[in-house]
Ligand code: IPE
Ligand code: IPE
Ligand code: MG
C-alpha cells in the first residue's frame with residue numbers, strides 16, 4: 001500500500017506550514033554556490049504544492065524569506081530576490097492550472113519593487129481560484145507581526161475606537177498578517193534544525209511539530225505525505241486527558 005493510500009483523507013490538516021531549510025548546505029555539499037541550492041529548492045516547492053493539492057490541504061504556508069535573512073551577504077539576498085521574480089512569473093500559470101490562490105504574509109513593502117509588482121500581478125491573476133491557498137512568508141518575522149498588531153490595537157484603544165475588553169484571542173488574530181487563515185495544525189521544518197526561527201509564533205501555539213532531516217531541495221510530495229501520516233498517528237489533546245479525547249471520539 002502506498003503512503004498516499006494509507007493517509008486518511010478525512011483527517012488531513014487544513015493548514016500546513018513549512019520552514020524550508022537546508023538549501024545552502026545542499027549546494028555546498030556539491031561544491032556549488034549557495035544560490036544553486038535556492039534554485040533547486042524551487043523544484044521542491046513545485047512538487048510539494050502539487051502534493052498539497054493532491055490530498056486537499058486548504059492552506060500551505062511556506063517560509064521563503066525571513067526578516068533576519070536580510071542580514072545575509074548582499075549577493076545571496078540579490079540572488080534570492082531574482083529567483084523570486086523568476087519563480088513568480090514562471091510558476092503562475094502552473095499554479096492557475098492547479099486552482100491555487102496566492103497570498104503573502106510579512107513586510108512585503110520592504111521587497112524590491114520588481115518583486116512586489118510580480119507578486120501583485122500573480123496574486124490578481126490567481127485571485128478567483130478556489131483550491132489551495134498558497135501563503136508565502138516573505139520578509140516575515142513573527143515578533144514584527146505581533147508587535148505591529150499590539151501597536152494598532154494600542155492606538156485604537158487610545159483614540160477610543162475599541163475598548164480593551166473587546167481584545168480577545170479571536171479579535172487579536174484579526175490584526176495579524178494571517179487574519180482569516182486558521183492556525184496551522186502541522187509545522188514541518190526540513191534540514192534537521194530544531195528551532196522555529198521567528199515563524200508564526202502566535203499561530204503555532206498548538207501545532208504538531210515535525211522535523212525532517214531532509215535538505216529542502218530533496219524534499220518531495222512523498223515526504224510531505226510521510227509527515228501527514230505521522231501527524232495522523234498523533235493524539236492532539238489540547239490540555240485534556242487521553243481518556244477524554246478517546247471518549248469524545250467514541
Ligand atoms: C533556506 O535554506 C532558504 C532560506 C533561508 C532563504 P538556507 O539558505 O537557510 O540553507 P542552509 O540552512 O544554510 O543550509
Ligand atoms: C529560516 O531559515 C527562514 C527560512 C526558511 C526562510 P534560516 O536558515 O534563516 O534560519 P536560522 O537562521 O538557521 O535559524
Ligand atoms: Mg538555513
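Numbering (my numbering), first residue to last: 1 to 250. Idealized CB from N, CA, C, for every residue including glycine.
Residue i and residue j closer than 8 Å at C-beta
i           : j           : result
residue 26  : residue 213 : no
residue 37  : residue 224 : no
residue 149 : residue 172 : yes
residue 95  : residue 135 : no
residue 132 : residue 57  : yes
residue 176 : residue 139 : no
residue 234 : residue 245 : no
residue 118 : residue 88  : yes
residue 167 : residue 153 : yes
residue 92  : residue 124 : no
residue 49  : residue 42  : no
residue 199 : residue 44  : no
residue 80  : residue 137 : no
Residues of its chain near residue i, where Cβ-Cβ distance is below 8 Å and the 5 sequence neighbours each way are ignored
i           : result
residue 231 : 13, 185, 186, 208 and 210
residue 54  : 4 and 221
residue 163 : 157
When the options are compared against residue i, the one with the closest alpha-carbon
i           : options               : result
residue 106 : 190, 39, 222 and 69   : 69
residue 77  : 35, 236, 20 and 196   : 35
residue 189 : 176, 28 and 227       : 227
residue 10  : 164, 101, 229 and 237 : 229
residue 20  : 65, 200 and 238       : 65
residue 115 : 84, 142, 125 and 123  : 84
residue 67  : 142, 221 and 242      : 142
residue 318 : 158, 202 and 59       : A question about residue 318 goes unanswered here, because the residues of the chain that appear run from 1 up to 250.
residue 170 : 159, 160 and 182      : 182
residue 193 : 49, 22, 39 and 1      : 22
residue 191 : 8, 161 and 24         : 24
residue 30  : 45, 215 and 72        : 215
residue 17  : 196, 160 and 248      : 196
residue 39  : 74, 86, 72 and 161    : 86
Close-in-space but distant-in-sequence residues of the same chain around residue i (CB under 7 Å, 5 per side omitted)
i           : result
residue 127 : 101
residue 285 : Coverage of the chain is limited to positions 1 through 250, which leaves residue 285 absent and any answer about it impossible.
residue 33  : 27
residue 178 : 105 and 203
Own chain residues within Cβ distance below 6 Å of residue i, not counting five before or after
i          : result
residue 98 : 53
residue 47 : 220 and 221
Length-filtered (4 minimum) alpha helix (DSSP H) runs lying within the region 132 to 195: 142 to 158 and 169 to 173
Any residue whose CB is nearer than 5 Å to a heavy atom belonging to ligand 1, listed in chain order: 21, 22, 23, 24 and 25
Length at least 4, wholly inside the region 65 to 102: the alpha helix (DSSP H) runs in chain order: 74 to 97
Minimum length 3: unbroken beta strand (DSSP E) runs contained in the region 9 to 41: 15 to 19
Contained beta strand (DSSP E) runs [length at least 3] in the region 199 to 241, N- to C-terminal order: 208 to 211
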